[in-house]
Amino acid sequence: MNFEIFTWKDLLDIVAVALLFYGVIYFLRITRGFVILKGLTVLVAFWLFAEVIGLKVLSWIFEKLWTVGLFSLVVIFQPEIRKALIRLGQRAGVSVGKSVEERVVERIVRGCSFLSERQIGALIVIERSQNLDGLLEGCVLLDAIVSVELLITIFNPLSPLHDGAVVIRGDRIVYTSCVLPLSKAHDLPTKYGTRHRAALGITEESDALCVVVSEETGEISLAVGGKLNKNLDAELLKAILLKELGIEKA
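Under the working numbering, the residues of the sequence shown are numbered 24 to 273, in order.
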């Protein structure tokens, strides 16, 4: 770069590179990648040491490892890369999902309250900007308008559809009996059952929201971004859902 003819494009180039490095480092710090980065730093140090003192065989091995390692990192970080791209799309205002209206939220809350009072388990996924079809397994297509009565009927223990999650897209229940990806976190409390782990898993892998009703305690929880908001009453559940869905309360 010739500093005598330094232009605004050069400045923009420097800022873009700096932001890219900052984004990569921040991404690694908030994921398991920071631990892997430490290991890679040690390997790079060994490689440089081998290069400096002329250990040809060791240097050759490291050179081959870098090629394989690059593809391995893409595979290892596939969930994190997907999550980062989802967040990037959200910030850029990219949306492919159907919006959820306040009346739908009210029906979800009323249904969960009914199920909670009777300690009937439930798992309700609310789709946002990301289409969830690629993350779901074993679903039964329903495609029906969301209603309190339908939610209660689906999760009735005698219903053949009660085992699994329902997925809400816009104002419709598109699927029932869905198997969700379980959370990959290793530090979850042992009291968390399959429903809670599934709620955390789907929200780790996507921008969806997931409401859980515990059949053991009747407690209502809401998973957002891989985090669980526990012991919610109807009013608080509705408030958080409206906020997360960007709905202004009427």
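Built from N, CA and C at the ideal position, the CB exists for glycine as well.
Fewer than three pairs of CB atoms, one per stretch, sit closer than 8 Å, so the segment 251 to 260 makes no contact with the segment 165 to 182.
Rounded to the nearest whole angstrom, the CA to CA distance from S136 to V123 is 19 Å.
Between E172 and the set I131, Q153 and V247, the nearest pair of CA atoms involves I131. Under the three-state reduction of DSSP, A145 is assigned to strand.
Ranked by Cα distance from E227, the options V234, A246, D210 and E140 are led by A246. Collapsing the DSSP output to three states places S139 in a helix. Residue pairing from DSSP places S244 in a beta bridge opposite V235. According to DSSP, K250 shares a beta bridge with V247.
Contact check for R151 against A41 fails: the beta carbons are separated by 7 Å or more. A direct Cα-to-Cα measurement between L265 and R133 gives close to 14 Å.
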